[in-house]
Amino acid sequence: MGVVALVPAAGRGERLGYGMPKALVPVDGVPLLVRAVRGLLEAGVRHVVIAAPPSDVATVNTVTAPLAQAGGAVHVLPGGAERSDSVRLALEHAVREIPGTTIVLVHDAARAFTPPEVVRAVIDAVAAGHPAVIPVLPVTDTVKRVDPEGVVIDTPDRASLRVVQTPQGFDAAVLLRAHGSGLHATDDAGLVERMGVPVVTVPGHQDAMKITTKFDLAVAEALLVGSAA
Ligand code: C5P
50 MGVVALVPAA
60 GRGERLGYGM
70 PKALVPVDGV
80 PLLVRAVRGL
90 LEAGVRHVVI
100 AAPPSDVATV
110 NTVTAPLAQA
120 GGAVHVLPGG
130 AERSDSVRLA
140 LEHAVREIPG
150 TTIVLVHDAA
160 RAFTPPEVVR
170 AVIDAVAAGH
180 PAVIPVLPVT
190 DTVKRVDPEG
200 VVIDTPDRAS
210 LRVVQTPQGF
220 DAAVLLRAHG
230 SGLHATDDAG
240 LVERMGVPVV
250 TVPGHQDAMK
260 ITTKFDLAVA
270 EALLVGSAA
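Counting in my numbering, the sequence shown runs without a single skipped number right up to 278 at its last residue.
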């Protein structure tokens with residue numbers, strides 16, 4: 050079973066206001082990207098392909114090199130203009146350079162605290178024959194659809210809604226087809242979904258939250274303090 054994780058980490062992360070790419074922002078001294086890759090390796094992934102900000106490939110190589118010594122291979126390449134471009138470039142690299150790639154995970158560097166058991170649950174579900182697998186959480190807030198003026202259109206039934214996390218797991222051939230399809234979606238499972246491939250869910254975890262704002266970063270710091278206590 051050849052599991053390769055792709056980590057799109059090429060975003061500028063301007064909403065964090067840190068003056069550096071989000072992937073390199075430290076939480077308790079350790080960059081988000083390093084934490085994310087470490088989690089993947091702890092879950093048993095042996096190859097991680099990182100799409101780095103093009104101007105920071107050398108820095109990303111430096112901060113992730115010690116992880117490779119811990120038993121995994123870490124490949125770093127320049128990312129693209131959009132997240133989907135970064136994923137496509139990393140995917141093409143994996144298929145070309147890593148023999149036997151059969152299962153591909155796509156994991157945002159911004160979800161740096163994803164527990165290894167979530168990663169393993171996704172891998173196990175793909176290995177069991179599901180071509181596309183996503184970790185999800187129930188929605189706790191009531192959600193409204195609104196028109197461009199902000200007037201409510203309707204209220205979807207909350208019981209059938211889920212918040213989607215990463216890593217998203219795929220049969221490698223299916224993800225390759227999705228990225229070559231010319232379709233557009235905000236996540237990789239969305240692309241696969243549009244091709245009519247069934248996407249199944251496994252339980253996600255609150256710790257796999259996406260770090261986007263300063264508030265999220267403060268929550269992550271608090272999580273670390275809590276886990277050390
Ligand atoms: O900006 P956002 O938080 O939605 O980005 C999600 C993930 O996609 C981040 O880990 C970010 O670094 C990555 N990304 C990328 N290439 C881009 C834009 C975003 O790899 N051009």
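Every residue gets a Cβ at the ideal spot worked out from N, C-alpha and C, and that includes glycine. No experiment lies behind these values; they were computed from the predicted model shown.
Quiz item: When DSSP labels each residue in this structure, what does Pro247 get in the three-state scheme?
Solution: DSSP places Pro247 in coil when its eight states are reduced to three.
Quiz prompt | Inter-residue CB distance, Ala143 and Val53 (contact presumed, cutoff 8 angstroms) | solution = 5 angstroms
Self-check item: Assigned exposure category for His233 - 16 Cβ within 10 Å defines buried
Solution: exposed
Self-check item: Distance between beta carbons of Gln214 and Arg160, contact taken as under 8 angstroms
Solution: 6 angstroms
Exercise. Compare the beta carbon distance of Ala59 and Ala101 with 8 angstroms and say whether it is the shorter of the two.
Key: yes
Practice problem: Using a threshold of 8 angstroms, state whether the C-beta atoms of His96 and Gly121 are closer than that. | Solution: yes
Quiz item: If you scan the region 188-236 from start to end, which runs of the beta strand (DSSP E) of 3 or more residues do you find wholly inside it?
Solution: The qualifying runs are 201-203, 211-213, 217-220.
Exercise. Note down, in chain order, each residue of its chain lying with its Cβ closer than 7 angstroms to the Cβ of Val212, except the 5 sequence neighbours on either side.
Key: For Val212, same chain residues with a beta-carbon under 7 angstroms away, outside a window of 5 residues either side, are Val185, Leu186, Val188 in chain order.
Quiz item: Taking the alpha-carbon positions, what's the Arg137 to Arg226 distance?
Solution: Each residue's alpha carbon lies about 11 angstroms from the other.
Exercise. Taking only heavy atoms of the ligand C5P into account, decide whether any of them is closer than 7 angstroms to the Cβ of Pro180.
Key: no
Self-check item: Distance, Gly93 Cα to Glu242 Cα
Solution: 27 angstroms
Self-check item: Ile152 beta carbon less than 8 angstroms from that of Ala221
Solution: yes
Quiz item: Do Leu81 and Ile260 have their C-beta atoms closer together than 8 angstroms?
Solution: By the CB criterion at 8 angstroms, Leu81 and Ile260 fall inside the cutoff.
Quiz item: Between the beta-carbon of Ala269 and the beta-carbon of Thr163, is there less than 8 angstroms?
Solution: no
Quiz item: In terms of residue numbering, what span does the beta strand (DSSP E) encompassing Val52 cover?
Solution: 52-57
Self-check item: Runs of beta strand (DSSP E) lying entirely within the region 83-155, each at least 3 residues, in chain order
Solution: 96-101, 122-127, 152-155
Exercise. Please state whether DSSP places Val79 in a helix, a strand or coil.
Key: strand
Quiz item: Do His98 and Val109 have their CB atoms nearer than 8 angstroms?
Solution: With the sequence shown as reference, residue 98 is identified as Val, and His is not the correct amino acid for it. Not in contact: Val98 and Val109 (Cβ atoms no closer than 8 angstroms).
Self-check item: Check whether Val112 and Pro127 have beta carbons under 8 angstroms apart
Solution: Against a cut-off of 8 angstroms, the Cβ pair of Pro127 and Val112 comes out as no contact.
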